[in-house]
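Heads up: the sequence lines are chains A and B, in that order.
In terms of our numbering, the first sequence is numbered consecutively and its last residue is 586.
In terms of our numbering, the second sequence is numbered consecutively and its last residue is 736.
Okay, structure first, notes after.
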Amino acid sequence: MSNFSVAFRDSGSTTILTLRGELDAHTAPELESAIKKCRDEGKTQLIVNGHDLDYISSAGLGVFMAFIEDIRTLDGDIKICALQPKIYDVFDLLGFPRIYHIVDTEEEAITLFEQGIQPI
Amino acid sequence: MFKRLRLWIPPVLFIIFLVGTTGFAFLGGLSESASLTTKILYHAVLSICYLSLWATIAQAIQQLRPAPTQIFWQCIVGIITITVLIYLVYQIQGGFLDINVPAAPTVYIKSALLNTLFAAMSFIVIQLFSRLGRFRRTQRSERNWHLLLLFILITFVAVSPFHHHFNAESPPFAQPLIALLAAGTLGAIIFIFLNSIRLAWIVRLSFRQKMISIGLGVVLIAFTAGTFMIIFRPDLTLMFLSESSYPIDYLQFHSLPLFTAIILSMTYGFVYSLTSVLSLIFHLPTMGDFRRSADEMAAIQDLTVLVREVADSEKLHDWIVSTPVDAGSGKAAWLTINDLETGSLTPLIVASYKIEASTAEEACDLVALHQAATISQKLIYIQNTVTDRRTEQAKPNGILSLLVLPLVTSTEVLGTLFVSREITGAFEHDDLESIGLFASQATLVLENARLLEEKIEGERLASELSIAREVQQRLLPQTTPEFTHLTLAASSTPALEVGGDYYDWLDLGEGRLAFIVADVSGKGTSAAFYMAEMQGIFQAVTRIAPNPPDFLFHANQALGESLEKNVFVTAIYGVLDYHSGQLLMARAGHSPAVIVDVNGHANLLRSSGMGIGLDRSDIFTETLEVQQIQFSPGDLVVLYTDGVIESRNAAAEEFGYDRLMESIQSARFESAQGVHDTVRATVDEFMGSEKNYDDDLTLLVIKWHGIR
Numbered sequence: 467m468s469n470f471s472v473a474f475r476d477s478g479s480t481t482i483l484t485l486r487g488e489l490d491a492h493t494a495p496e497l498e499s500a501i502k503k504c505r506d507e508g509k510t511q512l513i514v515n516g517h518d519l520d521y522i523s524s525a526g527l528g529v530f531m532a533f534i535e536d537i538r539t540l541d542g543d544i545k546i547c548a549l550q551p552k553i554y555d556v557f558d559l560l561g562f563p564r565i566y567h568i569v570d571t572e573e574e575a576i577t578l579f580e581q582g583i584q585p586i
Numbered sequence: 029m030f031k032r033l034r035l036w037i038p039p040v041l042f043i044i045f046l047v048g049t050t051g052f053a054f055l056g057g058l059s060e061s062a063s064l065t066t067k068i069l070y071h072a073v074l075s076i077c078y079l080s081l082w083a084t085i086a087q088a089i090q091q092l093r094p095a096p097t098q099i100f101w102q103c104i105v106g107i108i109t110i111t112v113l114i115y116l117v118y119q120i121q122g123g124f125l126d127i128n129v130p131a132a133p134t135v136y137i138k139s140a141l142l143n144t145l146f147a148a149m150s151f152i153v154i155q156l157f158s159r160l161g162r163f164r165r166t167q168r169s170e171r172n173w174h175l176l177l178l179f180i181l182i183t184f185v186a187v188s189p190f191h192h193h194f195n196a197e198s199p200p201f202a203q204p205l206i207a208l209l210a211a212g213t214l215g216a217i218i219f220i221f222l223n224s225i226r227l228a229w230i231v232r233l234s235f236r237q238k239m240i241s242i243g244l245g246v247v248l249i250a251f252t253a254g255t256f257m258i259i260f261r262p263d264l265t266l267m268f269l270s271e272s273s274y275p276i277d278y279l280q281f282h283s284l285p286l287f288t289a290i291i292l293s294m295t296y297g298f299v300y301s302l303t304s305v306l307s308l309i310f311h312l313p314t315m316g317d318f319r320r321s322a323d324e325m326a327a328i329q330d331l332t333v334l335v336r337e338v339a340d341s342e343k344l345h346d347w348i349v350s351t352p353v354d355a356g357s358g359k360a361a362w363l364t365i366n367d368l369e370t371g372s373l374t375p376l377i378v379a380s381y382k383i384e385a386s387t388a389e390e391a392c393d394l395v396a397l398h399q400a401a402t403i404s405q406k407l408i409y410i411q412n413t414v415t416d417r418r419t420e421q422a423k424p425n426g427i428l429s430l431l432v433l434p435l436v437t438s439t440e441v442l443g444t445l446f447v448s449r450e451i452t453g454a455f456e457h458d459d460l461e462s463i464g465l466f467a468s469q470a471t472l473v474l475e476n477a478r479l480l481e482e483k484i485e486g487e488r489l490a491s492e493l494s495i496a497r498e499v500q501q502r503l504l505p506q507t508t509p510e511f512t513h514l515t516l517a518a519s520s521t522p523a524l525e526v527g528g529d530y531y532d533w534l535d536l537g538e539g540r541l542a543f544i545v546a547d548v549s550g551k552g553t554s555a556a557f558y559m560a561e562m563q564g565i566f567q568a569v570t571r572i573a574p575n576p577p578d579f580l581f582h583a584n585q586a587l588g589e590s591l592e593k594n595v596f597v598t599a600i601y602g603v604l605d606y607h608s609g610q611l612l613m614a615r616a617g618h619s620p621a622v623i624v625d626v627n628g629h630a631n632l633l634r635s636s637g638m639g640i641g642l643d644r645s646d647i648f649t650e651t652l653e654v655q656q657i658q659f660s661p662g663d664l665v666v667l668y669t670d671g672v673i674e675s676r677n678a679a680a681e682e683f684g685y686d687r688l689m690e691s692i693q694s695a696r697f698e699s700a701q702g703v704h705d706t707v708r709a710t711v712d713e714f715m716g717s718e719k720n721y722d723d724d725l726t727l728l729v730i731k732w733h734g735i736r
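Below you can see the structure in the form of structure tokens.
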């Protein structure tokens with residue numbers, strides 16, 4: 467039933483979470499626990515790669531909001547990259563680009579971390 | 029193999045010792061000149077010889093069925109068979125016994141055989157009756173039985189020095205020995221009596237079985253009394269042959285202690301038969317209606333009680349554990365239930381009786397026993413908990429035998445009932461039957477109780493949700509106001525009973541209509557609470573701050589404080605001056621409004637603005653953009669929630685913006701209601717027969733007709 471998965475990958479000091487499938491109310495807890503795990507392990511420079519993310523519901527968007535304050539308090543950030551246009555549109559409609567870095571590639575996101583640039 | 033071999037040890041020992049001692053006496057080993065040590069040794073071996081006979085008979089009886097009437101039959105058959113054998117032995121010619129002349133060889137043979145037979149008879153009688161007396165054993169019944177054996181043993185030992193082989197007239201310590209003998213005999217008689225009033229088996233019998241038992245009991249009284257006659261006064265029976273001595277002489281000649289043991293055992297048999305018959309007559313019910321076995325009675329009573337208790341599962345659990353104990357089948361009982369909600373494998377003790385739950389937990393490996401019982405779906409009977417590794421800690425906690433009964437329906441495991449006793453091997457055959465029967469009933473009732481509970485719970489939840497749904501529907505506009513310049517139509521369908529979608533309007537006066545469509549992230553109950561809050565905010569704020577940016581700023585302020593971190597609300601809010609056709613509208617993260625003009629041009633109004641609750645600082649206000657649109661007569665604006673766009677058909681395609689705009693365009697000449705209905709119908713048609721609303725779905729259509 468659930469066709470959603472999160473894969474972890476460390477790249478230097480950043481951790482890349484690759485999302486796959488549909489992120490909705492049922493699968494949101496998976497991403498939630500993934501981000502929680504990173505935070506608890508002290509990994510706060512997170513990049514969410516949404517290249518293979520096919521759908522996101524409002525509950526899925528809520529996951530990003532749930533942690534962003536925490537992560538930023540720990541001097542980290544959640545940056546989002548490689549979204550499909552359709553998915554980017556959902557983020558954009560909601561006004562996410564004003565408070566999150568949403569970029570095209572992982573490299574760009576890593577560079578933003580290296581330069582220590584915060585979105586707000 | 030070894031076990032079989034072991035069964036042969038007692039009878040073989042008996043025969044070897046009997047032949048050995050008889051042969052020894054026959055060959056003159058016990059003549060006047062024999063030393064005291066030799067004589068003592070002879071009697072010691074003789075005692076072991078008859079202990080072997082006792083063990084032989086005990087083994088044989090162990091193989092027999094322990095049902096009460098069966099025991100009577102076994103006893104009668106045993107006595108008759110042995111009496112016939114005694115009669116046959118009596119046919120051996122000669123062997124008159126005179127203590128003053130050396131005994132003839134026939135005397136030795138005759139006395140050895142007669143002793144064997146009488147001893148066998150008395151052992152059979154005492155052991156068979158002890159099975160009745162120890163029916164539904166308790167600690168006390170076991171103690172009484174062992175004390176009876178002890179007192180018989182005391183008389184056995186005390187009387188030994190009086191045997192004619194020793195200085196029977198005046199043995200050493202004659203006075204204390206006689207006192208001991210008297211005490212032993214008195215004790216034996218007392219415990220014969222105490223063991224004989226234990227008649228627990230009677231209540232279990234059916235009327236018919238009681239009648240049979242009375243008949244058999246009378247026969248047994250006659251037979252045991254007859255045996256005394258044969259021993260003491262055979263001249264009054266058919267047994268007597270003139271050249272023989274009385275059996276009492278042979279018995280006393282052979283072994284005086286054994287003789288006392290035989291007499292005491294037969295006395296027990298006689299007294300027990302007597303009390304049994306008297307008690308059976310007393311217990312005979314007079315009415316035909318009572319001609320049911322106690323089991324059936326109990327079962328019927330159980331069921332009526334269960335029907336009453338079924339509603340309260342805690343009471344039901346208590347009742348399940350207390351019944352087998354109160355009925356006398358067990359000393360303590362406890363019940364474990366599978367946690368169906370968590371699916372945990374660890375059984376949980378939900379009720380215990382005459383034992384603390386913690387003690388029961390400590391006493392045995394609940395998980396292992398529960399699993400073994402549920403896998404086999406049969407009861408497990410641990411006769412001796414000391415020898416089972418799953419009940420290693422049971423003995424210190426007063427549990428020596430344990431029954432584990434799985435409560436399983438055809439489809440699932442409900443729990444396990446444990447019944448324990450404080451002595452080993454305490455559960456009789458019919459205990460197992462009756463507890464087993466009880467367990468199957470308990471299973472049924474437990475299942476019914478659970479189904480009932482689920483139904484009640486389900487209905488309660490359903491009724492509460494339907495109330496919530498009603499309340500929520502009342503938060504939405506109940507009627508559509510009539511305006512001369514515009515028409516309005518709207519609807520909202522939650523995916524679940526309640527949802528997070530909201531639409532509303534308010535006539536602000538001076539020809540201005542405020543309207544809103546909002547969507548709380550997520551769905552269901554939690555979303556419904558925020559939806560209600562949104563409604564309050566709209567009704568309150570829009571009157572004092574009707575301007576779109578002002579209203580949304582206040583909404584963000586108010587909701588931002590109460591929203592959970594991962595929840596946001598998107599909204600689209602507008603004010604239409606229906607005299608002039610001027611529309612002011614702002615979008616807070618919401619799906620863009622569709623504007624369709626009378627010529628069929630469709631536009632998505634995608635102004636900038638972020639969702640409510642995303643940001644609590646100034647960014648929200650900074651990004652918020654107001655759009656101003658001048659309507660021409662016939663133009664319309666359509667607001668909706670993403671449930672419309674994301675509706676999916678069987679092929680998992682989304683409805684999307686294009687289909688939405690096309691359906692609006694196609695109905696653009698109709699009133700707002702007509703446009704609304706067309707869009708809803710198109711969405712429904714698109715979704716196909718299975719209208720599974722994944723998300724709440726809301727649609728609001730406003731058409732400006734200008735001055736009509």
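A virtual CB, placed ideally from N, CA and C, is assigned to each residue, including glycine.
Please read these numbers as outputs of a predicted model, since none were measured by experiment.
Test: residue i CB closer than 8 angstroms to a CB of chain B
i	result
Arg538/A	no
Ser499/A	no
Ser479/A	no
Val472/A	no
Gly528/A	yes
Arg564/A	yes
Ile522/A	no
Ile586/A	yes
Glu535/A	yes
Leu560/A	yes
Residue i, buried or exposed, once every other Cβ within 10 Å from all chains shown has been counted against 16
i	result
Ser675/B	buried
Asp555/A	exposed
His282/B	buried
Asp541/A	exposed
Phe310/B	exposed
Ile501/A	buried
His457/B	exposed
Ala56/B	Correcting the residue type first, residue 56/B is Gly in the shown sequence and not Ala. Exposed, by the Cβ-count rule.
Residue i - DSSP class collapsed to helix/strand/coil
i	result
Asn476/B	helix
Val624/B	strand
Cys77/B	helix
Leu58/B	coil
Lys382/B	coil
Thr726/B	strand
Ala678/B	coil
Cys103/B	helix
Asp705/B	helix
Assumed close pair residue i, residue j - CB separation to whole angstroms, cut-off 8 angstroms
i	j	result
Leu125/B	Tyr278/B	6 angstroms
Gly254/B	Phe100/B	The Cβ separation is near 16 angstroms, so there is no contact.
Ser523/A	Ala491/A	6 angstroms
Pro38/B	Thr84/B	4 angstroms
His567/A	Pro551/A	That belief does not hold up - the Cβ atoms of His567/A and Pro551/A are roughly 18 angstroms apart, past 8 angstroms.
Ile647/B	Ile537/A	That belief does not hold up - the Cβ atoms of Ile647/B and Ile537/A are roughly 18 angstroms apart, past 8 angstroms.
Neighbour flag for residue i against chain A, beta carbons, 8 angstroms
i	result
Thr651/B	yes
Thr521/B	no
Phe697/B	no
Met740/B	Only positions 29 to 736 of chain B appear in the structure, and residue 740/B is not among them; the question remains open.
Leu642/B	yes
Phe596/B	yes
Can you give, in chain order, each stretch of the beta strand (DSSP E) that sits fully within the stretch 525 to 601 of chain B and has at least 3 residues? 529 to 537 and 540 to 548
Quick one: which unbroken alpha helix (DSSP H) runs of 4-plus residues sit fully inside the stretch 470 to 538 of chain A? Chain order, please. 494 to 506
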